[in-house]
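A.B. asks: One structure follows; several queries about it will come next.
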Amino acid sequence: MSPNDWQADKPLIVDTNTVLSGLVGGVTRKLLLESDRELQYPAQSFDEIERNKGVIQERANLSATTIDTLLETIFKNISLVPKSQVLQYREEAMMVKSPHPDANPDRPFHDRDESDVVFLAAAEPV
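Sequence positions in the sequence shown follow the numbering used here and run 33 to 158.
The following block contains the structure:
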């Protein structure tokens, strides 16, 4: 797929690092809160956010209550992709080749991070 092939009317899948960056603030938070595009996040990946709350508290000097409030605000603009949809496309997502420049082109994506497969599967097939 070339950069010109992506569809502007398709939702963007937001990954956990983007959400965590949005908690810290700056441009990422602004983009998450003000995007004109439909944003989506796989519901089953909330555990990744939960696991990283402590790190965000330390780095951004935010209270747990503030982080929860920010998450609630950010997720008003992000719809959740149900686990059933992710599971439906999981096998297909596992066969996507890794975009990593050092990856072996003959190795399927499932040899990489399983959490990345969830985000690929959350995207509707093109």
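Glycine included, every Cβ here is placed at the ideal spot set by N, Cα and C.
1) Helix, strand or coil for Pro140 per DSSP?
2) Around the C-beta of Gln120, are 16 or more other C-beta atoms found within 10 angstroms, so that it is buried, or is it exposed?
3) Who does Ile110 pair with in a DSSP beta bridge?
4) Where do the N-terminal and C-terminal ends of the alpha helix (DSSP H) with Leu94 fall, by residue?
5) Quick check: the Cα distance between Pro140 and Glu123, rounded to an integer number of angstroms?
6) Measure the C-alpha to C-alpha separation of Thr97 and Arg83 and round it to an integer number of angstroms.
7) When you compare only the Cα positions, how much space is there between Ala154 and Ser111?
8) Could you tell me whether the Cβ atoms of Leu152 and Leu103 are closer together than 8 Å?
9) Hey, Lys76 and Lys115: beta-carbon distance below 8 Å or not?
10) Who are the near neighbours of Leu64 in its chain, counting only those whose CB is closer than 8 Å to its CB and skipping five residues on each side?
11) Could you tell me the boundaries of the alpha helix (DSSP H) in which Gln120 lies?
C.D. replies: Considering the structure as presented:
1) Start at 1 with the first residue of the sequence shown, and residue 140 comes out as number 108. With a pLDDT of 49 at Pro140, under the threshold of 50, the modelled position of that residue is not reliable, and the figure given next carries that caveat. Residue state, collapsed to three classes: strand.
2) Along the sequence shown, one-based indexing puts residue 120 at 88. The residue in question, Gln120, is exposed, as its Cβ has fewer than 16 Cβ neighbours within 10 Å.
3) Against the sequence shown, residue 110 aligns to sequence position 78. For Ile110, which the question treats as bridged, DSSP gives the partners Leu71.
4) Numbered from its first residue, the sequence shown carries residue 94 at position 62. First-last for Leu94: undefined, no H or E at that position.
5) On the sequence shown, residue 140 is found 108 positions in, with the first residue counted as 1. On the sequence shown, residue 123 is found 91 positions in, with the first residue counted as 1. Note on Pro140: pLDDT 49, under 50, position unreliable in the model; the coordinate value appears next. Each residue's Cα considered, the two are about 11 Å apart.
6) Numbered from its first residue, the sequence shown carries residue 97 at position 65. Numbered from its first residue, the sequence shown carries residue 83 at position 51. Taking the Cα positions, Thr97 is about 16 Å away from Arg83.
7) Within the sequence shown, the letter at position 122 stands for residue 154. Within the sequence shown, the letter at position 79 stands for residue 111. If you take the alpha carbons of Ala154 and Ser111, they lie about 11 Å apart.
8) Within the sequence shown, the letter at position 120 stands for residue 152. Within the sequence shown, the letter at position 71 stands for residue 103. For Leu152 and Leu103, no; Cβs fall outside 8 Å.
9) The count along the sequence shown starts at 1 and reaches residue 76 at position 44. The count along the sequence shown starts at 1 and reaches residue 115 at position 83. For clarity, residue 76 is Gln in the given sequence; the question names Lys instead. It is a contact, given that the beta carbons lie within the stated cut-off.
10) The count along the sequence shown starts at 1 and reaches residue 64 at position 32. Excluding sequence neighbours, Leu64 sits near Val46, Thr50, Val51, Gly54, Leu71, Ile106, Asn109, Ile110.
11) As a working note, residue 120 is residue 88 in the sequence shown. Element bounds for Gln120: 115-126.
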